[in-house]
Amino acid sequence: MKRRTAITGRKRRMTAGDYTIYVLMGLAALIALYPFWFVLIGSFNEGEDYLSGGVWLYTRVFDASSYGFVLRDARLWNGFKTTILRVVFGVSSALLYTSMTAYGMTRRNLKFKKFFYWANIVAMFFGGGLIPFYLWMITLGLYENFFAYIFPGLYSVYNMIVFSSFFRSIPEEMHEAALVDGASEYLIMFKIYFPMSLPAFATVGLWLGLAHWNNYFDTMIYCSRTESLHTLQYYLLQVIKESSSTESEIPPEMKNRINTQTISYAAIVIATIPVLCMFPLIQKIIKKGVTVGSLKG
Numbered sequence: 001m002k003r004r005t006a007i008t009g010r011k012r013r014m015t016a017g018d019y020t021i022y023v024l025m026g027l028a029a030l031i032a033l034y035p036f037w038f039v040l041i042g043s044f045n046e047g048e049d050y051l052s053g054g055v056w057l058y059t060r061v062f063d064a065s066s067y068g069f070v071l072r073d074a075r076l077w078n079g080f081k082t083t084i085l086r087v088v089f090g091v092s093s094a095l096l097y098t099s100m101t102a103y104g105m106t107r108r109n110l111k112f113k114k115f116f117y118w119a120n121i122v123a124m125f126f127g128g129g130l131i132p133f134y135l136w137m138i139t140l141g142l143y144e145n146f147f148a149y150i151f152p153g154l155y156s157v158y159n160m161i162v163f164s165s166f167f168r169s170i171p172e173e174m175h176e177a178a179l180v181d182g183a184s185e186y187l188i189m190f191k192i193y194f195p196m197s198l199p200a201f202a203t204v205g206l207w208l209g210l211a212h213w214n215n216y217f218d219t220m221i222y223c224s225r226t227e228s229l230h231t232l233q234y235y236l237l238q239v240i241k242e243s244s245s246t247e248s249e250i251p252p253e254m255k256n257r258i259n260t261q262t263i264s265y266a267a268i269v270i271a272t273i274p275v276l277c278m279f280p281l282i283q284k285i286i287k288k289g290v291t292v293g294s295l296k297g
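The letter at position 136 of the sequence shown is residue 136 when you use this note's numbering, and the numbering goes up by one with no holes.
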């Protein structure tokens, strides 16, 4: 017992390889974090001082007026509203539809299973392109329609494969026992398979949420004419592209305190905060799902 304690309590000496790995990982972390730090310090810098050469490591003259200007822009709150609705409805509907399809693909008694499998694989690697898809959206009446954000993202072959992998890891005996007890496929799916696959739901939900939150292309192609349908990222695109027109909208008394660059940085920081707050919640759900799955398994 003493020998085991001595062995486990002994500290391993750091080697040159360990120091090299730590240095490389630190550099990688700095490279990944510096763009956000650059935007953050720029957003809190005085506009007139920023024009003298920008800021690179720290804020020279602190001024939060850019945030006040952005927060008073009605387009920002409209973008938040549209994006939140898109994330809520888009993620929930896609998770439900894709997971139910994946559950069906894992059933041995599914008719024409091979045909559905190869149809999914072909659709995963080959597509018709943007123009046919655009014409298809117009034909379905989704042009300048909120559901243009929802329907095209309902199903993903890759996400279906992720769900299928989790469902196949659940012992088939649990499915057979539930059938013997008189449970229907829907009851088995919602009461057994879905609760035991929380890590898959959290992971795919995170992918879908980030995709919906960061997407501006759909708005630019399908909903650019209706201002109430503009998303947050499309608002950021407008702020960055319309710098000359935004400059004229700045009140004269604030010309020396803010400029188009600091306004853009402030809008980017505000749009990033909800995403940063979402990661700890998703991580907690994944850990909880892993624990529940191991206990039930």
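A virtual CB, placed ideally from N, CA and C, is assigned to each residue, including glycine. Quick caveat: nothing in here was measured; it's all calculated off a predicted structure.
In the three-state reduction of the DSSP assignment, Phe-116 falls in the helix class, which pools H, G and I. Out of Gly-47, Asp-18, Trp-56 and Glu-48, the CA that lies nearest to the CA of Tyr-34 is found in Trp-56. Contact between the region 227-240 and the region 71-84 is established, with three or more Cβ pairs separated by less than 8 Å. A check of alpha carbon separations from Leu-206 across Val-239, Phe-133, Tyr-265 and Leu-281 identifies Leu-281 as the nearest. Comparing alpha carbon positions, the residue from Gly-42, Asn-214, Met-189 and Trp-136 closest to Ser-99 is Met-189. Annotation for Tyr-235: the continuous alpha helix (DSSP H) segment containing it runs 232-241. Counting along the chain, Pro-152 sits inside no alpha helix (DSSP H), nor does DSSP assign it H or E at all. Judged by pairs of C-beta atoms under 8 Å, the region 60-71 touches the region 36-52, as three or more such pairs exist. Residue range 198-214 is occupied by the alpha helix (DSSP H) that includes Phe-201.
Per DSSP, the beta-bridge partners of Asn-45 are Phe-62. The region 254-263 makes no contact with the region 165-179: fewer than 3 CB pairs, one atom from each, lie closer than 8 Å. Remark: three or more beta-carbon pairs, one from each stretch, lie closer than 8 Å, so the region 38-45 and the region 268-276 are flagged as touching. Between the alpha carbons of Tyr-222 and Ala-29 lies a gap of roughly 37 Å. By the Cβ neighbour-count rule, Asn-215 is buried, with 16 or more other Cβ atoms within 10 Å of its own. In the three-state reduction of the DSSP assignment, Arg-86 falls in the helix class.
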